[in-house]
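Asker: Residues 144 to 547, numbered by our numbering, are exactly what the sequence shown covers, in order.
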Amino acid sequence: MATKGGYNTYVNECAYENQSFYFEKGQDARICAELRMLGSKRVLIISSETVSSYKNVVDFIHKIEAEGFRTFFYTRRSTYSSSSDILGAASVYREFNCDTIVVFGGSIDIFCAKMVSGMVVNNIKEPSELSGYGKLKKDISVLCCVGMDNSTAISSNIAEFRDEKTGRWVTVLSNYLVPQIAVVDTDIAMRTYTKDSISSALDSLVTAVECSLMPINVYNPVHKACAHDAISLVADNLMNMKKYPDDAFLRKKVATAGIYAGTAVRSFGLGYAHILTNVLKTRYGPEYGTYYPHIMSNLLEGSFELVKGEISRIYNELVKDEVRPGLPGYESHLVRYYNEHESARAFIEILKGFYRAANPDAPWRLNIDQNHVAGICEEVRATAAEFGQDMIDLALLQKIVTTL
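1. Helix, strand or coil: which one does DSSP assign to residue 467?
2. Using the three-state DSSP reduction, which class does residue 251 fall into: helix, strand or coil?
3. Taking just the CA atoms, how far does residue 276 sit from residue 531?
4. State the CB to CB distance for the pair residue 305 and residue 191, rounded to an integer number of angstroms; the pair is presumed to be in contact (CB under 8 Å).
5. From what residue to what residue does the beta strand (DSSP E) around residue 191 run?
6. Please state the DSSP three-state secondary structure of residue 531.
7. Is the Cβ-Cβ distance between residue 374 and residue 457 less than 8 Å?
8. What three-state label does DSSP hand residue 324 in the structure shown?
9. Along the chain, where does the alpha helix (DSSP H) containing residue 460 start, and where does it finish?
10. Between residue 299 and the rest of its own chain, which residues show a CB-CB distance below 6 Å, the 5 nearest in sequence each way excluded?
11. For the putative contact between residue 535 and residue 446, defined by C-beta atoms under 8 Å, what is the C-beta separation to the nearest angstrom?
12. Let me confirm a value: residue 512 is counted as buried when at least 16 other C-beta atoms fall within 10 Å, else exposed. Which label applies?
13. Tell me where the beta strand (DSSP E) around residue 316 begins and ends.
14. Distance check for residue 297 and residue 206, CA to CA, integer angstroms please.
15. Could you check how far apart the C-beta atoms of residue 526 and residue 454 are, in whole angstroms? I think they sit under 8 Å.
16. Our contact map puts residue 217 next to residue 187 with C-beta atoms below 8 Å; I'd like the distance itself, whole angstroms only.
17. Pop quiz: residue 344 and residue 290 are said to be a contact at Cβ under 8 Å. What is the actual Cβ separation, rounded to whole angstroms?
18. Where does residue 218 fall in DSSP's three states?
19. Give me whichever residues DSSP pairs with residue 246 in a beta bridge.
20. Could you name the residues of the same chain whose beta carbon sits closer than 6 Å to that of residue 369, not counting the 5 residues immediately before and after it, in chain order?
21. How would you call residue 335, buried or exposed, if buried means at least 16 neighbouring beta carbons within 10 angstroms?
22. Alpha carbon to alpha carbon, how far is residue 497 from residue 444? Give it in angstroms, no decimals.
23. With distances taken from CA atoms, which of 294, 430, 398 is nearest residue 167?
24. Just reading off the beta strand (DSSP E) that residue 362 is part of, what are its end residues?
Right, here's the structure in full:
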């Protein structure tokens, strides 16, 4: 990646500016007041074509315009996070001398907006120049994210995209990529397909579990607590959100979980499952991003003896009181207490159950060329070392990847 001493050293030297969070609907007047305070005048709006037609989004934009801000538009075209959209939006930003971005959408849109903000302020021509961490030298332009999924993107220090020139999946980490303003407006978010909301929430859950497994979390209990809050919120509410998709309060709680998980990532960086997912996206295509929870389950099973202590604690302290059909729970009104091994197994089964609920048609086995396994594992292990990860040796990692 980028800096001498590794990610742990880098992140300890970072100072994060405060984020403003807006959790109630109809907050556009307050948001406009904050934009004015931050010096905004010319605003680039980024969204997909579908989202830009939503009445609540149109009303939000009209409010911005009525407050005297000039607005310009970029419509995201790719079905995944791509360098072509980043370059396209950056071109519009520069052409109209914008100073602010307001983005409506999920992680794909937010990653695009983050990269544009970082590039234009730091005078970067190609998004891939920022690969790794510590490459941004100046704070991003004003960025307001109106989140429409439950991902970590709205609060994390991460942006990810596919570089169309090389086909590689690029990850950029910087304290400057944390948006100044984060908005969870359920009137807008309710328009997101339930399947997408569930999948993004599951990704936040898996990210939070990875943060809980980081060795460095011993020295950072505050961000570990954020990860645990995210796990609890998703585990308690995910299946209810699927059952009651129009319940705005459930949506808000799960969206808050994404914010907590994103906050945890700032200190802990990327885990094995996230890194492996990105390597597979580079080799086999962006659709492999949907397999992140599946990959995590296999990693937990393959390294069971190494992780069972932590995931058993997660199960006992955060999710065991949730009774789910077909999963361990209660027996004849008496709580059954599990030993460490049983609790850890129970949590893995819950994670698998969530994944199947979110992706009922997903394959049980991924189409990975066994001739690629050694190269995949070498790349994963090298990147993991940058984040202080050395728990899984190369032989065990290869064994795990062959089970995917």
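Every residue gets a Cβ at the ideal spot worked out from N, C-alpha and C, and that includes glycine.
Answerer: This is what the structure holds:
1. As a position in the sequence shown, residue 467 is number 324, starting the count at 1. For residue 467, the predicted structure reports a pLDDT of 46, less than 50, and the residue's modelled location is therefore unreliable. A value from the coordinates is still provided. Here residue 467 sits in coil by DSSP.
2. The residue labelled residue 251 in the question sits at position 108 within the sequence shown. Here residue 251 sits in helix by DSSP.
3. Indexing the sequence shown from 1 puts residue 531 at position 388. Indexing the sequence shown from 1 puts residue 276 at position 133. Distance between the alpha carbons of residue 531 and residue 276: 14 Å.
4. Walking along the sequence shown from the start, residue 305 turns up at place 162. Walking along the sequence shown from the start, residue 191 turns up at place 48. Not quite, the Cβ-Cβ distance comes to about 17 Å (not below 8 Å), so this is no contact.
5. For this step, residue 191 is matched to residue 48 along the sequence shown. Here the beta strand (DSSP E) through residue 191 covers 185-191.
6. Indexing the sequence shown from 1 puts residue 531 at position 388. Coil.
7. Within the sequence shown, numbered from 1, the residue matching residue 374 stands at position 231. Within the sequence shown, numbered from 1, the residue matching residue 457 stands at position 314. Yes, they are a contact pair.
8. Position 181 of the sequence shown, counted from the start, is the residue given in the question as residue 324. Strand.
9. What you label residue 460 is simply residue 317 of the sequence shown in a count that begins at 1. First-last for residue 460: undefined, no H or E at that position.
10. Here residue 299 corresponds to residue number 156 of the sequence shown, with the count starting at 1. So the list reads 405, 408, once near-sequence residues are dropped.
11. Counting from 1 along the sequence shown, the entry for residue 535 is found at position 392. Counting from 1 along the sequence shown, the entry for residue 446 is found at position 303. Going by Cβ atoms, the distance from residue 535 to residue 446 rounds to 5 Å, so yes, they are a contact pair.
12. As a working note, residue 512 is residue 369 in the sequence shown. Classification for residue 512: exposed.
13. Mapped onto the sequence shown, residue 316 falls at position 173. Start and end: 312-316.
14. Looking up residue 206 in the sequence shown gives position 63. Looking up residue 297 in the sequence shown gives position 154. Distance between the alpha carbons of residue 206 and residue 297: 22 Å.
15. In the sequence shown, residue 526 corresponds to position 383, counting from 1. In the sequence shown, residue 454 corresponds to position 311, counting from 1. Residue 526 to residue 454, Cβ: 23 Å. No contact.
16. The sequence position of residue 217 within the sequence shown is 74, counting from 1. The sequence position of residue 187 within the sequence shown is 44, counting from 1. At roughly 6 Å, the Cβ-Cβ gap stays under 8 Å, so residue 217 and residue 187 are in contact.
17. For the purposes of this step, residue 344 is taken as residue 201 along the sequence shown, with counting starting at 1. For the purposes of this step, residue 290 is taken as residue 147 along the sequence shown, with counting starting at 1. Contact doesn't hold; Cβ gap of about 12 Å is too wide.
18. Position 75 of the sequence shown, counted from the first residue, corresponds to residue 218. Residue 218 falls in the strand class under three-state DSSP.
19. Locating residue 246 in the sequence shown gives position 103, counting from the first residue. Under DSSP, residue 246 takes part in a beta bridge, and its partners are 189, 288.
20. Taking the first residue of the sequence shown as 1, we reach residue 369 at position 226. Closer than 6 Å at Cβ, skipping near neighbours: 403, 406, 407.
21. Your numbering for residue 335 matches position 192 in the sequence shown. Burial state of residue 335 is buried, judged by a 10 Å Cβ sphere holding 16 or more other Cβ atoms.
22. As a first step, residue 444 must be located in the sequence shown, where it is residue number 301. As a first step, residue 497 must be located in the sequence shown, where it is residue number 354. Taking the straight line from one Cα to the other gives about 16 Å.
23. In the sequence shown, residue 167 corresponds to position 24, counting from 1. With distances taken between Cα atoms, residue 167 lies closest to 398.
24. As a first step, residue 362 is located in the sequence shown; it is residue number 219 there, counting from the start. Careful: residue 362 lies outside any beta strand (DSSP E) and carries neither H nor E.
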